[in-house]
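Peer 1: Residue numbers (full-length UniProt numbering): 1 to 186.
1) Helix, strand or coil, according to DSSP, for residue 107 in the structure here?
2) Under 8 Å: do the region 160-180 and the region 41-56 share three or more Cβ pairs, one atom per stretch?
3) Using only the alpha-carbon positions, how far apart do residue 147 and residue 14 sit?
4) Please identify the residue among 49, 82, 175, 161 whose C-alpha is closest to the C-alpha of residue 104.
5) Using only CA atoms, which one of 40, 5, 121 lies nearest to residue 65?
6) Just how far apart, CA to CA, sit residue 156 and residue 119?
7) So for residue 41, helix, strand or coil by DSSP?
8) If residue 165 and residue 152 are in contact, beta carbons under 8 Å, what's the gap, nearest whole angstrom?
9) For the pair the region 95-103 and the region 137-145, tell me if three or more CB-CB distances fall below 8 Å.
10) Residue 80: buried (16+ other C-beta within 10 angstroms of its C-beta) or exposed?
11) Can you tell which of 179, 29, 88, 95 has the C-alpha that lies nearest to the C-alpha of residue 70?
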């Protein structure tokens, strides 16, 4: 963590609350984006972002520096947004596990090639919105926020191996959802 940021956190924890705005300016957009992707609703994301920063600032004295501040803040954002999504969007679209198991890995990996076609990109975005909150969070962190597997593991409190397995399964699931939508077989 940068010395300037360490000093800023120390001063905020010491009671200089007017400095909170600096951390909000620095991390607000990223926290909002993660919350919006997980919650699936921009109105909820605004409120969630405020809640996330309130939680972070009220527990700043417990930030031990074992990870970067951004990872610690993202963990709070992840947990808060996933909890909210579970309460407000219990709808889950299941996919037959046999279809996922039968799908060759090479087919799931082709999702990245489809980004050139807007129709498929739109279908992919709609498919991401249909994922479980935890799955949306991993997709957001890894693909939209360009976080490493290690950072995703630290934020979600999963092992790196588990993150890799989940991302692989999510790619397969997205492939099925996009194909079903494109072929009209939803």
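Note that CB positions come from ideal geometry on N, CA and C, so glycine has one too.
Peer 2: Checking against the coordinates, here is how it stands:
1) Here residue 107 corresponds to residue number 107 of the chain shown, with the count starting at 1. Here residue 107 sits in helix by DSSP.
2) no
3) Taking the first residue of the chain shown as position 1, residue 147 is located at position 147. Taking the first residue of the chain shown as position 1, residue 14 is located at position 14. Going from the Cα of residue 147 to the Cα of residue 14 covers about 31 Å.
4) As a working note, residue 104 is residue 104 in the chain shown. Among 49, 82, 175, 161, the Cα nearest to that of residue 104 belongs to 175.
5) Residue mapping note: residue 65 aligns to position 65 of the chain shown, counting from 1. Residue 65 has its Cα closest to that of 5, out of 40, 5, 121.
6) For this step, residue 156 is matched to residue 156 along the chain shown. For this step, residue 119 is matched to residue 119 along the chain shown. Rounded to the nearest angstrom, the two C-alpha atoms are 31 Å apart.
7) Taking the chain shown and counting its residues from 1, one reaches residue 41 at position 41. Here residue 41 sits in coil by DSSP.
8) Taking the first residue of the chain shown as position 1, residue 165 is located at position 165. Taking the first residue of the chain shown as position 1, residue 152 is located at position 152. Their Cβ separation, rounded to whole angstroms, is 12 Å, which puts residue 165 and residue 152 out of contact at 8 Å.
9) no
10) Against the chain shown, residue 80 aligns to sequence position 80. So residue 80 counts as buried.
11) What you label residue 70 is simply residue 70 of the chain shown in a count that begins at 1. Cα-wise, what sits closest to residue 70 is 29.
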